[in-house]
Amino acid sequence: MFQLQLETRLNEKDQFFMPLDIANNEKAKESEKQTNMGKGKLVSEKIKLLLALVALQFCYAGFHIVSRVALNIGVSKVVYPVYRNAIALALLSPFAYFLEKNERPPLTFSLLLQFFLLALLGITANQGFYLLGLNYASPTFASAMQNSVPAITFIMASVLRLEKVNFRRRDGLAKLLGTIGSVGGATVITLYRGPPLLHNNYQTQGSSILEMDDPTAKMQNWRWGCIYLLGHCLSWAGWMVFQASVLKKYPAKLTLTSYTCFFGLIQFLVIAGFVETDYQYWKIQSAEELFTILYAGVVASGIVISLQTWCIHKSDPVFVAVFQPLQTFLVVIMAFLILGDQLFSGGLIGAVLITLGLYSVLWGKSEEKALEEQDKSLKQPLLEAQNGDKEDNVVSDIP
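Now the structure itself:
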């Protein structure tokens with residue numbers, strides 16, 4: 000009898016604890032499921048970001064080729080950016096108006112003047128020097144030279160005391176060495192062409208500037224192209240430094256970009272009034288010409304700005320810039336297959352130096368940011384302790 004009662008109680012106890020065990024197992028399974036879903040979502044977001052960054056570099060690479068094609072078929076170097084910025088302004092301004100309605104600070108004459116100067120650097124000088132350089136040099140070296148922009152930006156920011164550099168730390172040393180490498184690479188591209196590495200029998204029409212019989216004249220034009228591209232990189236870097244200070248006063252990025260496009264369009268129209276007075280230069284005479292203009296306006300200005308903004312929002316500017324050399328690699332292939340361009344040894348050496356310099360500068364920036372965050376995390380407990388001591392002192396003084 001006693002044994003039967005004991006067994007009955009044990010069975011009741013098992014029945015009581017059984018649902019709890021099942022509930023705990025279900026909770027554990029649900030938690031594991033949510034963790035796996037979170038990991039899957041994170042991987043999916045990373046894949047989207049990588050695909051977007053690769054697409055961004057394809058868009059940039061395509062613009063180099065399309066711009067060279069536009070010059071080859073006779074599109075004016077002034078009319079081309081006029082159409083490009085007009086399309087970009089038409090695409091960006093509606094988004095700026097509706098999305099940043101509540102973010103726009105009031106306009107002042109000082110801000111309008113700064114927008115005008117931004118356009119002078121980032122649109123007129125930047126795009127003008129680029130097209131002049133591309134007219135004499137190849138898209139491959141135009142893309143390679145652009146990899147030196149972070150190093151030039153670093154030099155400008157350091158001279159203007161906007162960038163703090165500690166050469167005793169590894170991040171400061173990396174930025175210095177990267178800058179030297181980028182400047183050295185740009186110098187090699189400008190002064191030394193070297194023998195061709197790739198031979199292509201196909202040559203495009205309208206590329207006589209690069210393929211003249213006179214080697215001296217060819218080298219002279221090549222150097223002029225590199226000098227113009229250096230001016231393009233300098234104006235681009237100056238625009239980035241200046242824009243950083245303007246954004247602190249006017250944080251509405253799309254509106255700022257729209258104003259920059261507007262003033263850049265006005266400036267190019269003024270230049271065109273003196274340079275391109277013949278109406279024939281303004282007529283779009285072929286489907287090929289229409290495609291180059293639409294690509295420059297819709298893809299190179301509209302889609303690229305949207306993609307780059309999204310990528311920076313999802314990661315950071317340094318991570319986005321790491322993919323920039325991929326653009327140069329894509330341009331080499333496209334220029335060889337589509338335009339019949341040759342790759343020269345001097346350009347390859349310079350491109351490698353610039354790319355190494357770019358990664359060195361980016362690593363230095365990333366390391367500097369990590370060290371600053373580490374310093375903040377170390378200082379925070381000390382500040383809290385000091386504040387706590389002050390509060391204790393105040394309390395103890397009250398009678």
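Take the sequence shown: its position 18, counting from 1, is numbered 17 in numbering that gives the first Met the number 0, and each next residue is one higher. The C-beta atom is built at its ideal place from N, Cα and C for all residues, glycine as well.
Close beta carbons around residue i, own chain, < 7 Å, minus the five adjacent residues each side
i	result
I337	I64
F261	L88
E99	A251, L253, T254
S257	L88, L91, S92, A95
A404	Residue 404 lies beyond the stretch modelled for the chain, which goes from 0 to 398, so this question has no answer here.
L52	C310, V319, F322
M333	A60, I64
H312	none
L48	C310, K313, S314
Proximal residues to residue i (C-beta, below 8 Å), its chain only, five neighbours per side dropped
i	result
V360	P149, A150, F153, A173, K174, G177, T178, S181
S234	L120, G121, A124, N125, F128
Q56	F322, Q323, L325, Q326, L329
V81	L264, F267, L268, A271
A243	L161
S285	I72
E287	V68, I72
A320	P149, L357, L361
I86	I292, L293, A295, G296, V297, S300, G301
Y201	Below a pLDDT of 50, predicted positions are generally treated as unreliable, and Y201, at 49, falls in that range; the measurement from the model is reported next regardless. Excluding sequence neighbours, Y201 sits near G339.
R167	none
T408	The shown model of the chain, from 0 to 398, leaves out residue 408, and the question about it has no answer.
Cut-off 6 Å between Cβ atoms - residues of its own chain near residue i, not counting five sequence neighbours on either side
i	result
G193	F343, S344, G345
L352	G180, G183, G184
N165	G171
Y278	none
L131	Y227
K147	Before going on, a small fix: residue 147 reads as Ser here, not Lys. Excluding positions up to five away in sequence, the list reads S181, A185, C232, I353.
Y407	An answer regarding residue 407 cannot be provided, because it is not within the stretch 0 to 398 covered by the chain.
G195	A small correction: the amino acid at residue 195 is Pro; Gly does not occupy that position in the sequence shown. These residues qualify, in order along the chain: Q341, F343.
G363	D170, A173, K174
Closest Cα partner of residue i within the set the options
i	options	result
V158	A236, L49, W281	A236
T139	E366, F328, S314	F328
A69	S234, L133, I311	L133
A89	Q242, G296, L111	G296
K76	L246, K375, I292	I292
S113	S305, K247, F94, I226	Contrary to the premise, residue 113 reads as Gln rather than Ser in this sequence. Among S305, K247, F94, I226, the Cα nearest to that of Q113 belongs to K247.
H231	D277, Q145, L48, F108	Q145
T107	A156, Q219, Y79, V245	V245
S300	L52, G363, R83	R83
R160	F241, G363, G224	F241
T434	L117, A118, S142	Because the chain in this structure spans residues 0 to 398, residue 434 falls outside the shown range and cannot be described.
A369	P104, S137, F62, R169	R169
E102	L306, Y249, A51, Y59	Y249
T276	V78, E371, T186	V78
V74	P104, K375, K282	K282
F62	V303, T308, I348	V303
C58	L111, F335, G349, L306	L306
L229	L116, V187, T259	V187
G399	S376, T259, F335, C225	No information on residue 399 is available, as it lies outside the stretch 0 to 398 that the chain covers here.
T259	F115, E371, S137	F115
Beta-ladder partner(s) of residue i, from DSSP
i	result
F343	P195
Helix, strand or coil at residue i according to DSSP, with G and I counted as helix
i	result
A251	coil
S75	coil
S399	What is shown of the chain runs 0 to 398, which leaves residue 399 out entirely.
F322	coil
T354	helix
S314	coil
E275	coil
T203	Because T203 carries a pLDDT of 45, less than 50, the predicted location of this residue cannot be relied on, and the following value inherits that uncertainty. Here T203 sits in coil by DSSP.
Residue i: CB within 6 Å of a non-hydrogen atom of the ligand SAH
i	result
A185	Absence of the ligand SAH from the depicted structure is noted, as is the absence of any ligand whatsoever, leaving it without description.
Problem set entry | Entirely enclosed alpha helix (DSSP H) segments - the region 90-143, minimum 4 residues | 108-118, 125-135
For this session: Please list the segments of the beta strand (DSSP E) lying wholly inside the region 139-201, counting only runs of 3 or more residues, in order along the chain.
Result: none
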